[in-house]
Every structure is written in C-alpha cells, then in structure tokens.
Amino acid sequence: MSQLRILVAIADRGNFSEAALELNMSQSAVSHAIAALEEHLGVVLFLRGRHGAKLTAVGAEIVIHAREIDRHAEAIDRAAIAVRVLKGGQVRVASFRSIATYILPSAIGDFYRRFPAIAVNVTEHEDYLAVERALQQGDADIGVTFLPASAKFQTWETLRDEFVALCPPSFKADMEPQITWAELVSQPLIMPPIATIMMQPIHRHLRDLGYVLPIAYEVETDATIVRLVAQGLGATILPRLAAEPIPANVRVYHLPVPFFRTIGLAILAEALHPPAVYAFLEILQ
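All residue numbers for the sequence shown refer to my numbering, where the first residue is 4 and numbers rise by one.
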C-alpha cells in the first residue's frame, strides 16, 4: 500500500522530491520504494530525467489501478475509524406515535446489535411540528417528520404512508379493494378534528378534487376511531400507520384517488453531528 501511494504521489507531482515532501519522507526512501515496486512488477514505471519523472505507458495504466486501490483503502480506514469511535454515547430520536410504534423498534434492534454501547432515546410527539421544534431546540438529534420539510433540515425520504378508508364489518364496496366517494359518504364518517395537523393534507387533497367530507363525529384518538368503526358505527379515512393495528373485521379500501403522506428523516443541516447519529441514520434508511 505504501508503494502504491508513493506511485500515485509521484504521478501527481511529476517529481520524486516533491512527492517526498508531500509524503513527509526522504527522497531516497521514495526512490527505493519505486525501485522495489518496479522490480516486483518487472516493468519500468517512470522515465527519470532532469525535468522530473514521467510515467511510462505501462506506468500510466498501473497508476489508474493504484488510485482505485488507494480510494478503497481510505474507505476501509474510514469504516474502521467509525466503528472505533462508536464506543458510547447516545442518539436522541424525536418521532410521532405511528412511526415510533411500527418502524423504530426494528431499527433500534439492528442498531443495538451493531453498537451495544450506544443508547437510543426516543421521544414521542403529537405532530411533526413538535418533532421539528425538538430538533431546532437541540432536544433531539434525528427527527421523523413529513416531507417536504423546512430548508433548515437535511432530509431523507423513508416511506410513503397511504391514506385509506376504513369501513365497518358489514360494509362491502362494489369495486374492491377500492371505494367510491358515494359509497364512503353513504356511511356516518368518524374523523379526527379537521384542525388535526395529520389530517390537513388529506382535506386539502379532497378540496382540490371538489369534495368536502360530511363528518358525523369528530374523535381525537386514532385508536378510538378504529374501534368505533369496528363496532359498525361508521367509516373513516386515516393514514394506514396511524390506524394500525387494524382489527381483522374492519374493511380497508384504497381511496378513489390514492393519496399518500411522505415520511422522512431530518437532522439540522448546519449542525455538527457525532458519528453515532450517522450510523443510526444509515440503519433507518
């Protein structure tokens, strides 16, 4: 590896002495290394002269491979350093309930198996605004939020969560697994309050399509809504993850015009983050 790095340095500098300065080595050591490499390979790598060192044809071909090997060696070093520094500390994750419940546990399990000395602390928030506030206030390292997010954050898309119609056990749509608007509004609609941040995108989506839902009941808690549907008291529209676990007797349908919310990971764009944060991000992605 040292011979190949010396080869690359001379090729870049075109001069043995300048390469020696760059590598903090004596010129004789550099010359000896190249001579040994040439003897091992059985070819001449450089033409030496008063104006420096020029690669031979075979030397130019070999230096291409040497650069590639050097890049891989640096990647190996970085991987080893990353593991060495991940010997302790914590990663703080802010999320809303549906993601914290159904996605984070498996990622935390994978992370613990790889880095058992690093603690993962999860805080659950009512909505994505509270998650982003926790990031900005320094109370969390990673946030699970909706995309697109503010330019203050660096983000990665994780999944798309479909809004679905949940109907009582006695209901059956004509065009399963899709429901029509007429079929949906033929039942009493049990919905979260219109002002609920989670539901604002679907209401905008419906308004764009020319629909306003005739809501019969407003209920705060997703789990309560799902139980009421299971009891045959009406239908609802919820993000699938927010509705989980969905009882086996509840009928689940795609909306007439499918709609999704995009969920992603966010960190503060301008902040300095410890290696453990990036290691956890890699597993979450």
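All C-beta atoms in this analysis are idealised placements derived from N, C-alpha and C, irrespective of residue type, glycine included.
* Distance, L40 Cα to S20 Cα -> So the two alpha carbons sit approximately 18 Å from each other.
* **alpha helix (DSSP H) segment containing S5, residue limits** => Per DSSP, S5 belongs to the alpha helix (DSSP H) from 5-16.
* Asked: Rounded to a whole number of angstroms, what is the C-alpha to C-alpha distance between Y256 and F114?
  -> Pairing Y256 with F114, the inter-Cα distance amounts to about 35 Å.
* Going by DSSP, which residues form a beta bridge with E25? -> Its beta-bridge partners do not exist; DSSP assigns none.
* **N- and C-terminal bounds of the beta strand (DSSP E) containing F283** => Here F283 belongs to no beta strand (DSSP E); instead the alpha helix (DSSP H) covers 278-287.
* Alpha-carbon to alpha-carbon, T265 and S101 -> Cα to Cα, S101 sits roughly 13 Å from T265.
* Asked: Any idea which residues DSSP pairs V123 with across the strands?
  -> V123 is bridged to V94.
* Just how far apart, CA to CA, sit E77 and L58? -> Cα to Cα, the separation comes out at about 24 Å.
* Taking only the alpha-carbon atoms, compute the straight-line gap between I72 and F166 and give it to the nearest angstrom. => Whole-angstrom Cα-Cα distance: 49 Å.
* **Under the three-state DSSP convention, the category V260 falls into** => In the three-state reduction of the DSSP assignment, V260 falls in the coil class.
* Host beta strand (DSSP E) of F166 (start-end) -> Per DSSP, F166 is one residue of the beta strand (DSSP E) stretching across 156-170.
* To do: Determine the DSSP secondary structure at Q181, reduced to helix, strand or coil.
  => In the three-state reduction of the DSSP assignment, Q181 falls in the strand class.
* So what's F149 in DSSP terms, helix, strand or just coil? -> Under the three-state reduction of DSSP output, F149 falls in the strand class.
* **Helix, strand or coil at A143 [DSSP, three-state]** => Under the three-state reduction of DSSP, A143 is assigned to coil, being neither helix nor strand.
* Euclidean distance between Cα positions of W159 and L10 -> Here the alpha carbons of L10 and W159 stand approximately 39 Å from one another.
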